[in-house]
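Under the UniProt record's numbering, the sequence shown has 193 at position 193, and the numbering climbs by one with no breaks.
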Amino acid sequence: TTIAKLMNRLLSPSKGQVLFPERQANSLAAFPVGVVFADPETQIVGTTVEEDVAFGLGNLQVPSSEMRIRVDRALERVGLRNSVRRSPHELSGGEQQKLCIASILAMEPVCLVLDEPFTFLDRTSRQELLNVLLDLHAEGQTIIALSSDPEDLVAAQRILVLRQGMLLTECSPQTLWKTPGILRQSGIRPPDLLRFRLALCQQGYSLREDSLTPEAIADEIGRVETSPKHGAS
1 TTIAKLMNRL LSPSKGQVLF PERQANSLAA FPVGVVFADP ETQIVGTTVE EDVAFGLGNL
61 QVPSSEMRIR VDRALERVGL RNSVRRSPHE LSGGEQQKLC IASILAMEPV CLVLDEPFTF
121 LDRTSRQELL NVLLDLHAEG QTIIALSSDP EDLVAAQRIL VLRQGMLLTE CSPQTLWKTP
181 GILRQSGIRP PDLLRFRLAL CQQGYSLRED SLTPEAIADE IGRVETSPKH GAS
């Protein structure tokens, strides 16, 4: 949370600098990093979904014609295009998180920062939100997720492990799970999915190192089961 506030200039660093890229007019000129905090209800200000997304654009004095385009595009990207007239307080927790993300995306930030984005979500809502984030990342949106839950690390491209304000390591998920020293030092317990994958490998399954999702592991099991070598054994 402290990192998120530093990146969004809600806090000033006691040492060092936080550098931001330059932005053009009608964008997040002062705040090129958009932050979504853990509790979405504390960030909702509009009486409708559409109004909530438009609120920040009004503060940036975006023309109404462009505002409409940005609102529609942001809601489409998070899968809420058909909910424009609904009250935000009628939405599920996962939908409220998507709404907060849409409100930030409409302002076209360089980077989207999510502080504990899955904290209040059930497993279904969690997966739906993760799918939205993966789609956004595939479109080129930079996303930084801050989390203390190792389950959230599986889908990451790059992980920075912090402990007591110090950077312990910067690596891929695959590298982190293979580094017991860092896991012990940081107190990170590998996610259940990764421990299941390790158990399969110990049973003789040769799974690819990048199989870090349930779907990827299932595909790998199917590949191994149907391979001539495994069948012969």
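We put the CB at the ideal spot given by N, CA and C, even for glycine.
The DSSP-derived three-state label of residue 166 is strand. Distances from the CA of residue 214 to each of 188, 200 and 193 were compared; the closest alpha carbon is that of 193. Between residue 113 and residue 4 the beta-carbon gap is near 5 Å, inside 8 Å, which marks them as a contact. Ranked by Cα distance from residue 41, the options 95, 136 and 171 are led by 95. From the listed residues 147, 166, 168 and 13, the smallest Cα separation to residue 1 is found for 147. Per DSSP, residue 44 lies in no alpha helix (DSSP H) and is assigned neither H nor E. About 6 Å separates the CB atoms of residue 33 and residue 109; that is less than 8 Å, so the two are in contact. When the alpha-carbon of residue 80 is set against those of 154, 116 and 100, the nearest one is in 100. Rounded to whole angstroms, the separation of the alpha carbons of residue 69 and residue 8 is 25 Å. Taking a 10 Å sphere around the C-beta of residue 204, we find fewer than 16 other C-beta atoms and assign the residue as exposed. Around the beta carbon of residue 50, 16 or more other beta carbons sit within 10 angstroms, so the residue counts as buried. Annotation for residue 223: no residue places its beta carbon closer than 7 Å to its own, counting only its chain and skipping 5 residues before and after.
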